[in-house]
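Visitor: So the protein lines, in turn, are chains U and L. Counting from 411, one number per residue, gives the positions in the first sequence under my numbering. Counting from 2, one number per residue, gives the positions in the second sequence under my numbering. For each residue, glycine too, the CB sits at the ideal point set by N, CA and C. The structure under discussion is supplied below as C-alpha cells; questions concerning it will follow.
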Amino acid sequence: MTMKTDMKSVRGLGSAHSGTHHFWMQRVTATANVFLAIAFIIILIKAAGADYEAAKALVASPLVAIPMILFVVSGIYHMHLGMQVIIEDYVHTENLKIPLVMGNKFFSIVIGLSCIYAVLTLSFGG
Amino acid sequence: MTDVDLKGKRPLSPHLQIYRPMLTMTMSIVHRITGAALYFGTVLLAYWLIALASGPEAFETAQAIFGSWIGRLVLFGYTWALLHHMLGGFRHFIWDFGLGFGEQEREWLARLTLIGGLVLTALVWIIAYSVL
Numbered sequence: 411m412t413m414k415t416d417m418k419s420v421r422g423l424g425s426a427h428s429g430t431h432h433f434w435m436q437r438v439t440a441t442a443n444v445f446l447a448i449a450f451i452i453i454l455i456k457a458a459g460a461d462y463e464a465a466k467a468l469v470a471s472p473l474v475a476i477p478m479i480l481f482v483v484s485g486i487y488h489m490h491l492g493m494q495v496i497i498e499d500y501v502h503t504e505n506l507k508i509p510l511v512m513g514n515k516f517f518s519i520v521i522g523l524s525c526i527y528a529v530l531t532l533s534f535g536g
Numbered sequence: 002m003t004d005v006d007l008k009g010k011r012p013l014s015p016h017l018q019i020y021r022p023m024l025t026m027t028m029s030i031v032h033r034i035t036g037a038a039l040y041f042g043t044v045l046l047a048y049w050l051i052a053l054a055s056g057p058e059a060f061e062t063a064q065a066i067f068g069s070w071i072g073r074l075v076l077f078g079y080t081w082a083l084l085h086h087m088l089g090g091f092r093h094f095i096w097d098f099g100l101g102f103g104e105q106e107r108e109w110l111a112r113l114t115l116i117g118g119l120v121l122t123a124l125v126w127i128i129a130y131s132v133l
C-alpha cells in the first residue's frame, strides 16, 4: 500500500516528471499545424513556377513570412516531440538513447532557426 | 518458481510477426513512417529558403534540383506524407475524444485516411500544375 496522498502523486508528475505535457503539446502543435500546413501548401503552390524575384517578393511579404515562421515553429516542435517518441520506443540502451534524444533537439533547433533566419533575411530586405 | 530461467526464456507477448497484417496496423506504421519522412524532409525546406536568401545563383540551382523529375517525385512524396500524416492526426483527435474505436468505425477511418491522403495529394498537384 502506498503512503502517498493523491496530491503527492499528481505533483510528482510520474516517472518522466513532466506529466502529460509531452502528449498535450503534441496535440496543441498538431492543431496549429492543420491550419499552418494548409497555408504552407498554398504558399508552395504560389512559389512553384516563380522566378527568383517573384519567389523573393512572395516569401518577404508579411502575409507569407508570418505564417511561414509560425509553421516552422509549430512544425519543428511537433516533429521534435514525435521523433523523441520514436527514439524512446526503439532505443533501450541509455548510452545510445541519450545522444539520440540530444541529437534530435540539435537537429530540430538547427533546421528551425535556419528556416526562420532565411525568412527574416528576406523580409528585412537582405 | 525458482528454476525458471528469467533471463533467457521468460514468456514474451506476441509481437508483430505473429499477427496477420491488417489495414489499421499498417496505417499506424505508415503514420510513424510519414512522420519520420517529414522530419528529415524539413532539410529540403531549409535548403530552399536558405538558397532563396543567398541569391539568384543558389536559388537557380535549388529550383533546378526541385524541378527535375526526381525532385518533383520527392516533392510529390513529401506532399502525400504531409497530407496523409495530417489525416492520420485527425484520426488521433477523434480517438482522443474516445470515439471511433468500434469494429466498423476504425476500419472506415483507416480507409478514409488512406484514400483521403491520395485524393488530396492529387488535388494539390492538379492545382499546382494548372497555376503554372
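In chain U, what lies closer than 8 Å to L:G90 by C-beta?
Guide: Residues of chain U passing the Cβ test: A440, N443, V444.
Visitor: Residues of chain U with CB closer than 7 Å to the CB of L:R33, please, in chain order.
Guide: Under the 7 Å cutoff, chain U gives I496.
Visitor: Rounded to whole angstroms, what is the Cα-Cα separation between L:L133 and L:H86?
Guide: About 26 Å.
Visitor: Is it the case that the Cβ atoms of L:F67 and L:L76 are separated by a distance below 8 Å?
Guide: Cβ atoms of L:F67 and L:L76: closer than 8 Å.
Visitor: Checking contacts by CB at 8 Å: is U:Y462 closer than that to chain L?
Guide: It does: the Cβ of U:Y462 has a partner Cβ on chain L nearer than 8 Å.
Visitor: Is U:K466 helix, strand or coil by DSSP?
Guide: DSSP places U:K466 in helix when its eight states are reduced to three.
Visitor: I'd like to know whether the C-beta of U:V501 is nearer than 8 Å to at least one C-beta of chain L.
Guide: U:V501 does not count as touching chain L.
Visitor: Give me, in chain order, the residues of the same chain whose beta-carbon lies closer than 7 Å to that of U:I479; leave out the 5 immediate sequence neighbours on both sides.
Guide: Within the same chain, U:I479 has close Cβ partners I526, V529.
Visitor: Along chain L, which residues have their Cβ under 7 Å away from the Cβ of U:K466?
Guide: Chain L residues near U:K466: L53.
Visitor: Report the residue from U:H427, U:L446, U:V501, U:F433 whose alpha carbon sits nearest the alpha carbon of U:V474.
Guide: It is U:L446.
Visitor: What are the uninterrupted segments assigned as alpha helix (DSSP H) that are 4 or more residues long and contained completely in the region 454-536 of chain U, given in chain order?
Guide: Here the runs fully enclosed are 462-470, 472-500, 504-533.
Visitor: With the cut-off set at 8 Å, would you say L:Y79 and L:L45 are in Cβ contact?
Guide: For L:Y79 and L:L45, yes; Cβs fall inside 8 Å.
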